[in-house]
Structures are given as C-alpha cells and as structure tokens.
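Read top to bottom, the protein sequences are chains A and B.
Using our numbering, the first residue of the first sequence is number 1, and each one after it goes up by one.
Using our numbering, the first residue of the second sequence is number 251, and each one after it goes up by one.
There are 2 protein chains.
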Amino acid sequence: MKRIDSIQNGSIKTWKKLHTKKERDKVGKFLVEGFHLVEEALKAEVVETVLIIEDITFPSGWKMDNADVVIVTKDIMQVLSETETPQGIIAVCQKGDVADIDLQGGTYLLLDAVQDPGNIGTMIRTADAAGVRAVIIGNGSVDVYNSKAIRSTQGSLFHVPVIKGDLKEWITKLQVNGVKVYGTSLHEAKPYQEVAVEGPAALIVGNEGSGVQEEVLVMTDENLYIPIHGRAESLNVAVACGILLYYVRG
Amino acid sequence: MKRIDSIQNGSIKTWKKLHTKKERDKVGKFLVEGFHLVEEALKAEVVETVLIIEDITFPSGWKMDNADVVIVTKDIMQVLSETETPQGIIAVCQKGDVADIDLQGGTYLLLDAVQDPGNIGTMIRTADAAGVRAVIIGNGSVDVYNSKAIRSTQGSLFHVPVIKGDLKEWITKLQVNGVKVYGTSLHEAKPYQEVAVEGPAALIVGNEGSGVQEEVLVMTDENLYIPIHGRAESLNVAVACGILLYYVRG
Chain A
1 MKRIDSIQNG SIKTWKKLHT KKERDKVGKF LVEGFHLVEE ALKAEVVETV LIIEDITFPS
61 GWKMDNADVV IVTKDIMQVL SETETPQGII AVCQKGDVAD IDLQGGTYLL LDAVQDPGNI
121 GTMIRTADAA GVRAVIIGNG SVDVYNSKAI RSTQGSLFHV PVIKGDLKEW ITKLQVNGVK
181 VYGTSLHEAK PYQEVAVEGP AALIVGNEGS GVQEEVLVMT DENLYIPIHG RAESLNVAVA
241 CGILLYYVRG
Chain B
251 MKRIDSIQNG SIKTWKKLHT KKERDKVGKF LVEGFHLVEE ALKAEVVETV LIIEDITFPS
311 GWKMDNADVV IVTKDIMQVL SETETPQGII AVCQKGDVAD IDLQGGTYLL LDAVQDPGNI
371 GTMIRTADAA GVRAVIIGNG SVDVYNSKAI RSTQGSLFHV PVIKGDLKEW ITKLQVNGVK
431 VYGTSLHEAK PYQEVAVEGP AALIVGNEGS GVQEEVLVMT DENLYIPIHG RAESLNVAVA
491 CGILLYYVRG
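Laid out in structure tokens, this is it:
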C-alpha cells in the first residue's frame, strides 16, 4: 500500500486539479468522496485509486481488486476534499464510455441547460428511481462530475447511463425508434394530467430560469405543464421533473 | 430616511443576532434577503425595516408605507448578509400569527422532522404551487426562518400558512374534519398509484434518513410509497413530496 505525506507530491497536485471541469474534461477523470459514493464507484468498476486517511479502515466486503490504495495525511485529505466535513475517503475515478443504448421501449430524461449542480444531481437520482434507460445532458448544462452534482445523485450517477449530447439529434433518434417526446413549457402546452401517455416516453426539462429552448420545444410530440394552484410562480425544476417523470413512465 | 454607518451600531448588532434560531424564536423576527423576497415580504405586510445600501434605488411600485427604510454601508450589508453575493437589500420581518384555518376541504402538508433547510423550503414552495391550505411543521424540523430555507421557498413562505404544531394533534383534528391523512413509509404501505384519493387530503412526509415516525404512521388513514424501478435507494424527500402532493390533490 502506497503512502503520500506531502501536499507538494505531484500526484496530489494532479488530483487536486480535478476540482475544475476543464481538467476533468481533459483527462477524463473525476473525484468522488465519502464512503457511500466510493462504494458505489467501486461497484461500478470506475475507480482508479482510493485515497484514505491512515486511521480509517475499509468496510468489509468492498471489492478493491482493481483499485490502487494510497494512505494520505489529514492535511492532504483536506486539500482534496470539497465537503465541509470530510469523511476521510476519496476515489479518483475514470469517466466510462456509455455503451450503445437500446432505444426500443423505455423511459428517457433529457436535460436542457440545467445550471444548478444540486438540481442536476437530484434529477439523475430521480431518473434512476424511475428506471429510465438513459439521461441525456444537452449543451449548456452544469458538469455532472461537479462534486456537488455527484453528491446529489447519491450514487445514481453509477447506475444510469448519463450521456452528453445534442438534444435535437436525440429527439429525432428517439422519435424514429417510436419513443414519444414530451417537452415542458408554460406556453402552448397542456396540463400534464390531460395527456394520456402510453408506451415509451422521453421527458425534457430545462433551465431553471428560461426553461426548455424554443427550438427544442418545436420538435416534441407534445409539451406539458404542471398547473400552479396557489401563488408560487413555479416549481423547483427537480421537483417538476419528479412529478412528470413518474407521470410519463406510468 | 435613517442612515447607519457603523458596524458597532446597536441595531445592527441586534439584527445580526437574527442569524440564530434562538434569537428568532425569542423576538419573533427574521431576516429576508434580495429583491424578490423583500418584495414578497412587503406584499405580505410583515416587514418592519428595509435595509439597503446607498447606491441602490427601490424598484417602482413597491408598497413601502408601513416599513422603515435604513441606508447602510456595504460593510454592514456584508455583516448582515447570509448569501455569497449579497444583492444589497435585507428586510427585518415579523413572524405573523396564523389565523384559524378552515379545515373543511382542502389539501394539507405535514412535515415530520425534516432536517435540510433547502428541502423544507422547496417543500413549502411545492405546497404553495399545489394550493395547499396549510403546511404543518412538526417538532424536530429545521427552522423555516433559516435563511437558506426562506430562499428555497422563493417567497412561498409569505403565501401559505406555515404552522408549528404537534403532528399527532393535527392528524386527529384533520380526520375529525373529514380530511383523509396519508403517511409515507417504505414498510406496510401501498404504492401510491393503487390508492384512489378523493376529497380533502393531508400528506405527511418525514425525515431525510428515518422517514415519518412510527407513532405518527399508525394514526394515518393509509400509508403510501413511491415505487423504485431502478437502483436508487430512495428519492430526495422534496421530490417525493412533489410527486405525492400532486397525486393526492388530484
């Protein structure tokens, strides 16, 4: 088992750079933190290295065969951690390639320029719970490998294929395969309860402020909205996503 | 118009104390921050004093009749602010008394020991959107006047009666008035889609980790759960609340 004691160590400096999207994109790696997430990452076989502080022992039953383990000091953990109260364990993970998705049947979630890491993470968690076949992240969305986004997925990032892609291309691809595509919009849309959804369905939710882009909305089979009965101006996007995703999956 | 230039000013010190729940409970006041929330608070006529930095002007159309205005320095705003990028406006508000609620008909949301300020705020916002008649906050929940909770309500705290109370007493009171009470639980509960809800309904959601207390669950008319189709262990409590609240209100 390796051991690193100095914050100046080259590997530590390299891993710390993974706090930025730029570096994550460049090297195709990201960090996950805490026992639950590291365990999920190990199960998903994406862990390259596990960093752990010296007075912590691994829970029994963890599959560590393919991961290096490095003991680090509390100071190093502090430098690499992005949480207020570090649990003392971080994994360096590799972004996987998503295998081809079978688009016959199923439920899909498409995200258009979602900005808040907590929202995008929570929606990936909800998509996992709803049993979606893939989450498609359009351009302009926050990075799903951001530490807060990963935390909010509660491990679902390792359960559901999450694919960056062009939403317009995906809509066409889904429709060609017989998947009905539902946008969300406050204008020229129907209350969701009035739309009977049967068979495979894809839901698109959009940016916290501006919603789904117009050029995406014109391509959908139908656009839905959630009626507001009180005086709130809108729903939180992750809450709206949950209501509609469970509705369209049936 | 008054003006305060010193951080040492007695009023500033008094208002800063409102960052703590203890002080908020003691004096029955709380702070709200940013243009949108201050405007909502003014509309709700709960504002005692508006604090604003000198180079900002009030938007036209604001009803300021009953509020004092105090110009403060940027340093003072920084001290009173609880956000990373202060907008330069804070209102000192008074907690209102909630008038008697008519329990004939309607939808209700009961929260049992919800811990996260963002979750509780988002659920109050969702409750507002769903048109609930009141949100009842049981013991052990985080303070709804916490700055992050208020921000997450997006102003709905000023639209919906939010009442602190004993959940068991409220369940009885609601049931006596013909309101069906639905708990949420993973054990001895039904998938929500299998439960036909008609007429007035109250939904109870619980703590992020442990859910709704057993002694509350035994009093409900029916307990519901949201089926998990994928590999997620659970849904975020605010998302689950949204799905079920829109389901039970019909």
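Glycine is no exception: its CB is placed at the ideal position from the N, C-alpha and C atoms.
Near chain B, meaning a CB-to-CB distance below 8 Å, the residues of the stretch 114-137 of chain A are Gly118, Thr122, Arg125, Thr126, Ala127, Asp128, Ala129, Ala130, Gly131, Val132.
In the DSSP secondary-structure assignment, B:Arg253 is bridged to B:Ile321. For A:Ala91, DSSP records a beta bridge to A:Val32, A:Val50. With 16 or more other Cβ atoms inside 10 Å of its own Cβ, A:Thr126 counts as buried. Check the Cα spacing between A:Val72 and each of A:Ile124, A:Gly165, A:Ile7, A:Tyr145: the tightest is with A:Ile7.
Between B:Asp471 and B:Lys423, the CB-CB gap reaches or exceeds 7 Å. Relative to A:Ile150, the option among A:Val69, A:Glu40, A:Gly209 whose CA is nearest is A:Glu40.
The three-state secondary structure of B:Leu359, taken from DSSP, is strand. For B:Tyr496, the closest Cβ of chain A is nearer than 7 Å. A:Ile136 sits close to A:Leu110, with the two beta carbons spaced by under 7 Å. Identification of chain B residues near A:Ser156 by a Cβ-Cβ cut-off of 7 Å yields Ala482, ordered along the chain. In this structure B:Leu495 is not in contact with B:Thr434, their Cβ atoms being roughly 11 Å apart against a cut-off of 8 Å.
With fewer than 16 other beta carbons inside 10 angstroms of its own, B:Leu436 counts as exposed.
Residues of chain B with a Cβ closer than 9 Å to the Cβ of A:Val160 are, in chain order, Gly480, Arg481, Ala482. A distance of 7 Å or more separates the beta carbons of B:Leu474 and B:Ala451. Contact check for B:Val364 against B:Thr299 fails: the beta carbons are separated by 7 Å or more. For B:Ser406, the number of other beta carbons within 10 angstroms of its own is at least 16, and it is reported as buried. Listed along the chain, the chain B residues whose CB falls inside 8 Å of the CB of A:Leu235 are Arg375, Thr376, Ala379, Gly492.
Note that the C-beta distance between A:Asp112 and A:Gly206 is below 7 Å. Of A:Asp68, A:Asp97, A:Leu235, the smallest CA-CA separation from A:Val162 is found for A:Asp97. Chain A has a Cβ within less than 7 Å of the Cβ of B:Ala488. Closest in C-alpha terms to A:Gly131, from the list B:Lys272, B:Val487, B:Ile478, comes B:Ile478. About 24 Å separates the beta carbon of A:Phe58 from that of A:Tyr145, a gap too long to meet the 8 Å contact definition.
Legend: CB atoms of the stretch 207-229 of chain A lying less than 8 Å from CB atoms of chain B belong to residues Ile226, Ile228, His229. A direct Cα-to-Cα measurement between A:Val218 and A:Lys74 gives close to 53 Å. Burial is judged here by how many other beta carbons sit within 10 angstroms of a residue's own beta carbon; B:Ile306 has fewer than 16 and is exposed. Rounded to whole angstroms, the Cβ separation of B:Lys398 and B:Pro367 is 4 Å, and the two are in contact under 8 Å.
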